[in-house]
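One structure is given below, encoded as structure tokens.
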Amino acid sequence: MKSHAKVVVIGGGVVGCSVLFHLARHGWTDVVLLERDELTSGSTWHAAGGMHTINGDPNVAKLQKYTISLYKEIEELSGQATGVHLTGGVLLAATEARLDWLRGVVAKGRYLGIELEEISANEAAELMPLLDPKQFVGAVRNKEDGHLDPSGVTHAYAKAARKLGAEVERFTKVEDIVRRPDGMWRVITNKGEVVAEHVVNAGGLWAREVGRMVGLELPVLAMEHMYLITEDMPEVAAWNAKTGTEIIHAVDFDGELYLRQERGGMLMGTYEKANKVWSEFQTPWNFGHELLEPDIDRIAPSLEVGFRHFPAFERTGIKQIINGPFTFAPDGNPLVGPVRGLPGFWVACGVMAGFSQGGGVGLALSNWMIEGDPGADIWAMDVARYGDWATMAYTNAKVRENYSRRFSIRFPNEELPAGRLLKTTPIYDLLSAKGAQWGVSYGLEVPLWYAPAGVKDEFSWRRSSDFSHVANEVATVRESVGMAEISNFAKYKMTGEGAAAWLDRIFACKLPKPGRMTLAPMLKDDGKLIGDFTLANIGDGEWFIAGSGIAEQYHMRWFEAHLPADSSVRLEALGQKLTGLAIAGPKARDVLAKVSRADVSNAGFPFMAVAKMDIGTAPCLVGRVSYTGDLGYEIWVAPEYQRAAFRALMAAGEEFGLGLFGSRALNALRLEKNYGSWAREYRPVYGPLEAGLDRFVAYGKDADFIGKTGALAERKQGGKLRLRTFILDADDADVIGDEPIWYDGAVRGWVTSGGYAHHSKKSVAIGYVPKEIADKSDGFEIEVLGKRHAARVQAAPLFDANFERMRA
Ligand SMILES: Cc1cc2nc3c(=O)[nH]c(=O)nc-3n(C[C@H](O)[C@H](O)[C@H](O)COP(=O)(O)OP(=O)(O)OC[C@H]3O[C@@H](n4cnc5c(N)ncnc54)[C@H](O)[C@@H]3O)c2cc1C
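Sequence positions in the sequence shown follow my numbering and run 285 to 1092.
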């Protein structure tokens, strides 16, 4: 075994081998994979080997498509058969709600280049002869489904990597990982030590334990999973003889089953509701090529549905039941990327569909390690989407929920119950008493809307029970004054003699003068966006930044990676050490004036001003800015004072008709101002010009800010896309996000977010289209639930286009 390597990959499952292959293919050949046993000694060897392109997140779907396209290449390169059978498949709907969901999947497929086709239940039965069409209302055909040989694929990756110069050391167990003072990693094994610049944790079933070697508690947990293999079926033999083809794959969402042909019989797997965690706290090191005890009672309810939906199963014996463990992150997507605070330590774990996702994970990670960027939008897989709040018990609750809901529909207005009430702010009970309906963001409870007694969300793809109540909240803001809790923003404090110079380099905007704020785009080295913030200069060398709450860990990783080595800049993510309230609407200033002794007149406290002031008895930081696009203020307050500030504002607001509003009303308000937000409109694959944030980029400022060259190049060449707001002739359903935008009979763009703008009474969608058609005002269509609606570009904001309300 070599003593030094550029990269050590820990784990010889399908994911580790894919990472190794991609690093070598990308030119890093001084790389070694360490496997404690034979390759495939974790989850990989007993997988059912199914692969498919669809995923709830379109960007993960793209990487799945890439993974499937890769198998031919690694087979040719390695000479090792992968056993790929591209049979195609049907996705089945037993209810109308499921069919609506599938139509959304078909629509997404249009701009992802995934060929999906809606078909009737009878047409599905012609393709997949074992199903009873009377049990289904429709289906979708996917030509890119199939299955493979898990061991063959893993060895093909490893052999191809070796051919390119990488090394694989089997029976080499990593026992400890120690960071040297010079930043290199000592990877200590049962056979000696390798010193490496980078370490990749692809430990699969043991990813938690490998993480613990460097003090990390990764949010991953293994679940038991069962599939059965039947005796040979005459129906299968008859079909094979008649068509000369295998029986195609089927996913029966309502039965929570997946099926495919296995030799002369069938394989049927299920994600059962009564699921079981495996090795809750510690994965045993002596677990290897073993299976777990099958428990047919646990999967009996699913099998009962299976027998009804696929009657031939009832007549056939079960040959074998496989029960094996594999890992999940709380949301079921992989955990990939560099770990904040541990330079050179990377993860590629929590991959629950290694044969659909392993290639994409390897590609993204190798790009990231070698080029400094994953080269694709992998937010949905980024390990930084979780923070320390994702504790072991939280992970346990969410993983179990996610497993049991693997094939369930999640409606756009549906909030899930597991792992809730983890983080609450001090006014949680006060807002609950006012009817707050709660959602969750980065572990924190956030008010979505306020319901009268007895009213709650009815889950739907269409406008629902909250519609008129959200409309009332919006009216309160636009007509008098509303108050919202905004503690879910990320908040950062920055001080130190080097802070201003550092901010000037890290942000693309001009720095605000003391007492002022500005919108602050942050760019990557390639000039694309990596964040959008409000930057406030509090004065006396103190800076305050507010940004996307869900990206706190993501942005801290970036900030810290770019901090100067000396201690001239002090940076702190404030999390819930600072809570927030916002007031907005034409009467907002009157309310503020009543509770504060500061001069809050338009002259004394103009738009984008920031100052410390007391609200009632509570010391606060107040900025005159509002995501509602109205006259408004954001109020930042330490949690111990939040109740006092809240009560003071409520009391002062009474005479002005102050009412509470939630994040759904805020969405309706920002839509009519064409305001975007991080992770929806602004993501790391768009440039500031494309995203419409170029007006905040100080291209000519003296500071050599990160991404300047790329941003200037984008401005010169014009980029490829443009973010546009559209008004569509919707009926009873608005866009959610990820719908295709049609122009001239072809899919040309995609929706990033939208909804109903209650004040303007318009259905709004925001999305990207190619710049060549971005200035056409008409001729667009947006597809909602399988139906195309005429859409027009709305260039000027629907509300307060001249900024009179906001600045007055
Ligand atoms: C019953 C069942 C059916 C499944 N069906 C499918 C399917 O149809 N399609 C699909 O895509 N996925 C399926 N999966 C999931 C799939 O198996 C996983 O997504 C995949 O195997 C994950 O691979 P991995 O490389 O991340 O982890 P693992 O396969 O667990 O590999 C991790 C490797 O790391 C090694 N390792 C760990 N710690 C150390 C250490 N300290 N030192 C050295 N080596 C170490 C282990 O020995 C192991 O070989 C199924 C899983 C099960 C259980």
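All C-beta atoms in this analysis are idealised placements derived from N, C-alpha and C, irrespective of residue type, glycine included.
Here the structure is a predicted model, which is why all the values come from computation and not from measurement.
*What residue from 339, 555, 818 and 333 has the CA that sits closest to residue 590's CA?*
Shortest Cα-Cα distance from residue 590 to any of 339, 555, 818 and 333 involves 555.
_Residue(s) in a DSSP beta bridge with residue 633_ = Bridge partners of residue 633: 619.
*asked:* Tell me the rounded alpha-carbon separation between residue 549 and residue 594.
replied: Each residue's alpha carbon lies about 13 Å from the other.
_Integer-rounded CB distance, given that residue 1038 should sit under 8 Å from residue 955_ = So it is a contact: roughly 7 Å between Cβ atoms.
*For chain C, is any of its Cβ atoms less than 8 Å away from the one on residue 471?*
The structure shown contains no chain C; it is built from a single protein chain.
*Quick one: grab the DSSP three-state call for residue 1001.*
Three-state result, residue 1001: helix.
*Cβ atoms of residue 972 and residue 728: under 8 Å apart, would you say?*
Residue 972 sits away from residue 728, with the two beta carbons spaced by 8 Å or more.
*The alpha helix (DSSP H) spanning residue 745 covers which residue range?*
From DSSP, residue 745 is part of no alpha helix (DSSP H); its letter is neither H nor E.
*Excluding five sequence neighbours on each side, which residues of the same chain lie with their C-beta closer than 7 Å to the C-beta of residue 635?*
Contacts found: 299, 618, 641, 642 and 645.
*DSSP beta-bridge partners for residue 725?*
Residue 725 is bridged to 728.
*asked:* Given a cut-off of 8 Å on the beta-carbon distance, is the pair residue 515 and residue 392 in contact?
replied: Between residue 515 and residue 392, the C-beta gap is not smaller than 8 Å, which leaves the two residues out of contact.
*Bridge partners of residue 666, per DSSP?*
Residue 666 is bridged to 620.
_What does the alpha-carbon distance come out to for the pair residue 664 and residue 337?_
Residue 664 and residue 337: Cα-Cα distance of roughly 15 Å.
*asked:* Alpha carbons only, please: which of 449, 545 and 609 is nearest the one belonging to residue 325?
replied: In terms of Cα proximity to residue 325, the closest of 449, 545 and 609 is 609.
*For residue 1094 versus residue 506, is the C-beta spacing smaller than 8 Å?*
Because the chain is modelled from 285 through 1092, residue 1094 falls outside the range shown and cannot be assessed.
*Is there at least one non-hydrogen atom of ligand 1 closer than 7 Å to the beta-carbon of residue 335?*
Relative to the non-hydrogen atoms of ligand 1, the Cβ of residue 335 comes within a distance shorter than 7 Å of at least one.
*residue 655 versus residue 732 - alpha carbon distance*: Each residue's alpha carbon lies about 40 Å from the other.
_I'd like the list of long-range same chain contacts for residue 302, defined as Cβ closer than 7 Å, with 5 residues on each side in sequence excluded._
Closer than 7 Å at Cβ, skipping near neighbours: 441, 642, 643, 645 and 646.
*Within this structure, are the beta carbons of residue 371 and residue 606 separated by less than 8 Å?*
No, they are not a contact pair.
*Between the C-alpha atoms of residue 714 and residue 750, what's the straight-line distance to the nearest angstrom?*
So the two alpha carbons sit approximately 20 Å from each other.
*asked:* Less than 7 Å separating the Cβ of residue 285 from some heavy atom of ligand 2?
replied: Within the structure as shown, ligand 2 is missing, the only ligands being ligand 1.
*Give the DSSP bridge partners of residue 1064, in chain order.*
According to DSSP, which records beta bridges pairwise, residue 1064 is partnered with 1027 and 1075.
_Comparing C-alpha positions only, which one of 291, 366, 978 and 374 sits nearest to residue 1006?_
When each option's Cα is compared against that of residue 1006, the closest is 978.
*In the DSSP assignment, find the unbroken alpha helix (DSSP H) run with residue 351 in it and report its ends.*
Per DSSP, residue 351 belongs to the alpha helix (DSSP H) from 342-362.
*DSSP puts residue 707 in a beta bridge; with which residues?*
For residue 707, DSSP records a beta bridge to 728.
*Measure how close the beta-carbons of residue 659 and residue 648 come, nearest whole angstrom, since I'm counting them as under 8 Å.*
The pair is a contact, with the Cβ atoms about 7 Å apart (cut-off 8 Å).
*With a Cβ-Cβ cutoff of 8 Å, do residue 491 and residue 611 count as a contact?*
Yes, they are a contact pair.
*In angstroms with no decimal places, state the Cα-to-Cα distance between residue 816 and residue 836.*
Taking the straight line joining both Cα atoms gives about 12 Å.
*Look at the alpha carbon of residue 476 and the alpha carbon of residue 502, and state the distance between them as a whole number of angstroms.*
C-alpha separation (whole angstroms): 26 Å.
*asked:* ligand 1 and residue 552: does any heavy atom of the ligand fall closer than 7 Å to the residue's C-beta?
replied: Residue 552 Cβ: outside cutoff for every heavy atom of ligand 1.
*Determine the DSSP secondary structure at residue 510, reduced to helix, strand or coil.*
In this structure, residue 510 counts as strand in the three-state DSSP scheme.
*asked:* Less than 8 Å between the beta carbons of residue 926 and residue 1057, yes or no?
replied: No. Outside cutoff.
*Tell me whether residue 905 is buried or exposed, calling it buried when 16 or more other Cβ atoms sit within 10 Å of its Cβ.*
Counting of Cβ neighbours within 10 angstroms places residue 905 among the buried residues, the total reaching 16 or more.
*Take residue 794 and list the residues in its own chain whose beta-carbon comes closer than 8 Å to its own, dropping the five residues that flank it on each side.*
Correct list, in chain order: 802, 982 and 985.
*Please work out which residues of its chain come closer than 7 Å, Cβ to Cβ, to residue 920, disregarding the five sequence neighbours upstream and downstream, and give them in chain order.*
775, 862, 864, 904 and 905, listed in sequence order.
*Grab me the residues of residue 1031's own chain with a C-beta within less than 6 Å of its C-beta, minus the 5 sequence neighbours each way, in chain order.*
Excluding positions up to five away in sequence, the list reads 394, 395 and 1024.
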